[in-house]
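Our numbering puts the first residue of the sequence shown at 1, with every later residue one more than the last.
Have a look at the structure below, then the notes.
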Amino acid sequence: MNLTQIFNTPNPIIGVVHLLPLPTSARWGGSLKAVIERAEQEATALAAGGVDGIIVENFFDAPFAKDCVDPAVVSAMTLIVDRIMNLVVVPVGINLLRNDAKSALAIASCVNAQFIRVNVLTGVMATDQGLIEGQAHQLMRYRRELGADVAILADVLVKHARPLGMPNLTTAVQETIERGLADAVILSGWATGSPPSFEDLELATTAAKGTPVLIGSGATWENIGQLMKAADGAIVASSLKRNGKITEPIDPIRVAQFVEAARQVAAAKEKFKSVTSVKLTQ
């Protein structure tokens with residue numbers, strides 16, 4: 001599945017809409033209208049700032065269910081994602097935390113969302129929710145059964161988790177792509193707001209052999225120029241919010257600054273590739 005066709009660029013910047021607590025979550029506030037209004041405001045701010053895509057996630061539902069979320073969460077997410085898709089023109093995706101990829105895929109199929117993020121697609125990770133096992137075989141079969149043209153963006157050695165055993169990053173990337181059939185891989189730091197190292201991004205990109213590698217956390221206006229030299233794109237949330245605080249709303253000015261910085265390095269990379277290609281053919 002070609003991500004360039006989805007985002008209209010080989011180097012997408014994907015902004016995140018962190019939903020306020022949804023029904024049945026520990027901090028549910030009782031008003032779905034308030035959740036929808038906040039989500040619409042954040043999606044509009046991200047689109048106005050120039051992102052190439054938006055991913056909607058139930059971030060404030062923590063503590064999260066390990067795998068299957070409550071049906072009320074699925075219902076609320078479906079409604080909200082559909083509202084956002086009618087509000088913005090950029091591609092919209094879903095991350096259903098902690099790892100309910102099957103429900104995320106079902107929502108995407110119903111509302112024609114174009115991608116989902118899967119925290120654990122392959123392998124086994126020890127998390128604060130317990131042991132989470134990747135279910136790539138079920139997810140890919142389900143995608144085929146639904147006939148859903150939905151891209152799977154999969155984390156490798158996801159944040160807030162530790163793998164059972166000591167898998168090599170190169171091996172983990174290759175297995176996520178070759179055995180899990182991910183359409184793109186995501187590399188994060190150890191926690192929300194923590195970036196992956198430049199060296200790890202280089203390793204992941206080499207191992208991916210052309211499959212897109214996205215930065216999954218910790219990207220900021222200050223570091224994106226360096227990190228994007230070794231990655232194909234980024235999923236970004238915290239640094240786009242007012243004062244960089246995770247609980248604050250999206251700041252369209254910060255979005256525009258981030259997008260501009262990322263596009264400058266992406267343009268430089270494409271120019272370098274073009275010049276190198278010409279020299280090789282001479």
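Using N, Cα and C, we set each Cβ at its ideal position, and we do this for glycine too.
Secondary-structure assignment with DSSP links Ala126 through a beta bridge to Leu131 and Arg162. A straight-line Cα-Cα distance of about 23 Å links Leu32 and Lys245. Taking every protein chain shown into account, the CB of Asp52 has 16 or more other CB atoms within 10 angstroms, so this residue is buried. Residue environment: Lys241 is assigned as buried (16 or more neighbouring CB atoms within 10 Å of its CB, all protein chains considered).
For Ile14, the secondary structure class from DSSP, reduced to helix, strand or coil, is strand. Under the three-state reduction of DSSP, Lys241 is assigned to strand. For Ile246, there is no enclosing alpha helix (DSSP H), as DSSP marks it with neither H nor E.
Glu175 sits buried, since 16 or more C-beta atoms from the chains shown fall within 10 Å of its C-beta. Secondary structure in the region 46 to 115: the beta strand (DSSP E) runs of 3 residues or longer, each lying completely within the stretch, are 53 to 57 and 92 to 95 in chain order. Take the alpha-carbon of Gly216 and the one of Ile116: they are about 13 Å apart. Shown here for Ala108: same chain residues with a beta carbon closer than 6 Å to its own, the five before and five after excluded, namely Ile94, Ile116 and Val150 in chain order. By the neighbour-count criterion, in which 16 or more other beta carbons inside 10 Å mark a residue as buried, Val120 falls on the buried side.
Using a Cβ distance threshold of 7 Å, Leu201 and Ala154 do not count as a contacting pair.
Check the Cα spacing between Ala113 and each of Val35, Asp61, Arg83 and Gly123: the tightest is with Arg83. Burial state of Asn168 is exposed, judged by a 10 Å Cβ sphere holding fewer than 16 other Cβ atoms.
Between Leu22 and Val255, the C-beta spacing is not below 7 Å. Nearest in C-alpha terms to Gly134, of all of Ile54, Thr122, Ala261 and Arg141, is Thr122. At a Cβ-Cβ threshold of 7 Å, Phe64 and Leu97 count as neighbours. Residue Asp183 holds the alpha-carbon nearest to the alpha-carbon of Gln5 among Val158, Leu87, Asp183 and Arg143. No Cβ-Cβ contact shorter than 7 Å links Ile55 with Asn99. Distance from the CA of Arg179 to the CA of Ala172, rounded to the nearest whole angstrom, comes to 10 Å. Of the residues Asp128, Val90, Met125 and Gln138, the one whose Cα lies closest to the Cα of Ala106 is Gln138. Taking all protein chains shown into account, Asp61 has 16 or more neighbouring C-beta atoms within 10 Å of its C-beta and is therefore buried.
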